[in-house]
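Here the protein sequences come in this chain order: D and E.
Under my numbering, think of the first position of the first sequence as 717, with each following residue one higher.
Under my numbering, think of the first position of the second sequence as 717, with each following residue one higher.
Taking it in order: structure first as structure tokens, then the write-up.
Number of protein chains: 2
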Amino acid sequence: MPSPKLHFEDFHIGRVFELGPKTVDAAEIIEFATEFDPQPMHLSEQAGKASILGGLSASGWHTSSMFMRMMIDSYLLSSVSEGAPGIDVMEWKKPVLAGDTLKGRSTVTAARAMRSRPHIGIVTFSHELENQRGETVLRSENAIMFRIRGEENAA
Amino acid sequence: MPSPKLHFEDFHIGRVFELGPKTVDAAEIIEFATEFDPQPMHLSEQAGKASILGGLSASGWHTSSMFMRMMIDSYLLSSVSEGAPGIDVMEWKKPVLAGDTLKGRSTVTAARAMRSRPHIGIVTFSHELENQRGETVLRSENAIMFRIRGEENAA
């Protein structure tokens with residue numbers, strides 16, 4: 717019986733996977749920033765308000781990590797992912813402030829089999845997250861490797 | 717007296733800032749992955765060994781976040797940074813395994829004043845991190861905004 721997990725063949729061009737929603741709270745912002753990005757606007761409401769960001773705001777790396785968790789919950793953990801070689805585009809377009817609720821989508825924009833590893837296919841995604849005001853806060857593109865169902869069954 | 721903090725003018729083309737060293741332990745890898753990237757190879761040594769990564773390995777987003785912390789400690793927190801609009805390139809070239817020690821460098825590759833905000837300059841960096849075997853594990857490029865000292869003094 718074929719695995720019910722999402723394989724390369726399931727990521728057809730134009731398919732959309734919903735991301736989130738996820739509400740970001742102040743304690744999470746401060747906890748992440750304390751470890752990885754201890755700049756004042758990520759550590760206190762007061763410093764955030766004094767900055768161009770306008771309030772206590774998540775590190776871009778924190779927003780990116782929350783975005784990863786949304787991909788995990790939406791489709792990666794239920795797929796036969798073989799990981800990603802990196803990120804092609806990562807834009808932090810608006811501040812993510814304490815109390816914001818993020819949601820978005822990953823859209824398949826390309827899919828092809830690897831030449832060097834014929835049982836693996838590469839799927840290219842365009843991703844975006846927006847806040848509760850409908851403003852895009854993150855835009856990204858990357859490629860993720862998935863096993864090919866046909867090849868798996870043939871093996 | 718001019719601020720002793722690093723300003724736009726201090727990021728001349730070719731200047732190199734050392735990053736790290738930072739040793740990555742298993743508990744940190746599992747803690748980050750549990751929150752943001754709970755895939756098996758980031759959660760246990762056994763699952764990591766069974767994967768193509770060869771051992772308990774850090775999420776790429778964790779490696780990127782540790783890289784941010786190294787930039788903070790090397791030059792960002794001692795600068796008048798105005799943040800970054802995103803990441804132009806992020807390549808995870810080799811697995812980062814529990815026990816690995818990472819170090820690397822950020823090199824200034826371009827610098828120009830912004831047209832829309834003349835007191836801000838944009839500095840473009842090329843970054844890389846390598847492990848204790850000299851293998852490059854992360855390569856990145858991005859642009860970071862810094863205040864211009866001359867303009868600040870003129871204000």
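Positions of the beta carbon are idealized from the N, C-alpha and C atoms, including for glycine.
Computed from a prediction, not measured in an experiment: that's the story for all the values here.
Mapping the DSSP letters down to three states, classify residue 871(E) as helix, strand or coil. Here the question's residue 871(E) lines up with position 155 in the second sequence. Confidence is the limiting factor: at residue 871(E) the pLDDT is only 45, short of 50, which leaves the residue's position unreliable, though a coordinate-based value still follows. Reduced to three states, the DSSP call for residue 871(E) is coil.
Leaving out the 5 sequence neighbours to the left and right, which residues in its chain are closer than 7 Å to residue 844(D) when beta-carbon positions are compared? Here residue 844(D) is taken as the residue at index 128 of the first sequence, counted from 1. Only residues of its own chain outside the window of five on either side were considered, and among them 820, 821, 852, 854, 855 have a CB closer than 7 Å to the CB of residue 844(D), listed in chain order.
For residue 798(E), which of helix, strand or coil comes out of DSSP? The residue given as residue 798(E) occupies position 82 in the second sequence. Three-state DSSP puts residue 798(E) in coil, outside helix and strand.
Among 780(D), 736(D), 726(D), which one has its Cα closest to the Cα of residue 810(D)? Taking the first residue of the first sequence as position 1, residue 810(D) is located at position 94. Of the listed residues, the one whose Cα sits closest to residue 810(D) is 780(D).
Should residue 830(D) be flagged as near chain E, meaning a C-beta pair shorter than 8 Å? Walking along the first sequence from the start, residue 830(D) turns up at place 114. By this cut-off, residue 830(D) is not an interface position.
Run down chain D in chain order and give the residues with a C-beta less than 8 Å from the C-beta of residue 793(E). What you label residue 793(E) is simply residue 77 of the second sequence in a count that begins at 1. Result: 754, 755.
Specify, as a first and last residue, the run of the beta strand (DSSP E) that residue 856(E) falls within. Here residue 856(E) refers to the residue found at position 140 when the second sequence is read from its first residue. Note, residue 856(E): beta strand (DSSP E), 852 to 863.
Alpha carbon to alpha carbon, how far is residue 795(E) from residue 721(E)? Give it in angstroms, no decimals. Counting from 1 along the second sequence, the entry for residue 721(E) is found at position 5. Counting from 1 along the second sequence, the entry for residue 795(E) is found at position 79. Distance between the alpha carbons of residue 721(E) and residue 795(E) is about 5 Å.
Taking only the alpha-carbon atoms, compute the straight-line gap between residue 839(E) and residue 817(E) and give it to the nearest angstrom. In the second sequence, the residue the question calls residue 839(E) occupies position 123. In the second sequence, the residue the question calls residue 817(E) occupies position 101. Counting only the Cα atoms, residue 817(E) lies some 28 Å from residue 839(E).
To the nearest angstrom, how far is it from the Cα of residue 871(D) to the Cα of residue 727(D)? Residue numbering aside, residue 871(D) sits at position 155 when the first sequence is read from its first letter. Residue numbering aside, residue 727(D) sits at position 11 when the first sequence is read from its first letter. Bear in mind that a pLDDT of 45 at residue 871(D), under 50, signals an unreliable position, so the number given afterwards is only what the model happens to contain. Distance between residue 871(D) and residue 727(D), taken at the CA atoms: about 21 Å.
Pair every Cβ in the segment 724 to 743 of chain E with every Cβ in the segment 783 to 792 of chain E, then say whether three or more of these pairs are closer than 8 Å. As far as the Cβ criterion goes, the segment 724 to 743 of chain E touches the segment 783 to 792 of chain E, which means the pair count is three or higher.
Is the CB of residue 822(D) under 8 Å away from at least one CB in chain E? Here residue 822(D) refers to the residue found at position 106 of the first sequence. Not closer than 8 Å to any Cβ of chain E, the Cβ of residue 822(D) fails to qualify, so no.
Quick one, which residues of the segment 798 to 826 of chain E are near chain D if we go by CB-CB under 9 Å, in chain order? 798, 799, 800, 801, 802, 803, 804, 805, 806, 807, 808, 809
Whether or not the segment 744 to 764 of chain E and the segment 790 to 809 of chain D are in contact is what I'm after, with contact meaning three or more pairs of Cβ atoms, one per stretch, closer than 8 Å; do they touch? yes
Using Cβ-Cβ distances below 7 Å, what residues of the segment 725 to 747 of chain D are close to chain E? none
What are the residues of the segment 831 to 858 of chain E that lie near chain D, defined by any Cβ-Cβ distance shorter than 7 Å? none
Within chain E, the residues that residue 788(D) reaches when beta carbons sit closer than 9 Å: Translated into the one-based positions of the first sequence, residue 788(D) becomes position 72. Chain E residues near residue 788(D): 752, 753, 754, 755.
Tell me the DSSP bridge mates of residue 739(E)? Residue mapping note: residue 739(E) aligns to position 23 of the second sequence, counting from 1. 817(E).
Would you call the CB atoms of residue 775(E) and residue 742(E) closer than 8 Å? The residue given as residue 775(E) occupies position 59 in the second sequence. The residue given as residue 742(E) occupies position 26 in the second sequence. No, the Cβ-Cβ distance between residue 775(E) and residue 742(E) is not below 8 Å.
Is any beta-carbon of chain D found at less than 8 Å from that of residue 771(E)? Stepping through the second sequence from its first residue, residue 771(E) is reached at position 55. Not an interface residue.
Can you look up residue 806(E) in the DSSP assignment and give me helix, strand or coil? Here residue 806(E) corresponds to residue number 90 of the second sequence, with the count starting at 1. Here residue 806(E) sits in strand by DSSP.
Exposure label - residue 860(D); buried when at least 16 CB within 10 Å: For the purposes of this step, residue 860(D) is identified with residue 144 of the first sequence, where counting begins at 1. Per the 10 Å Cβ criterion, buried.
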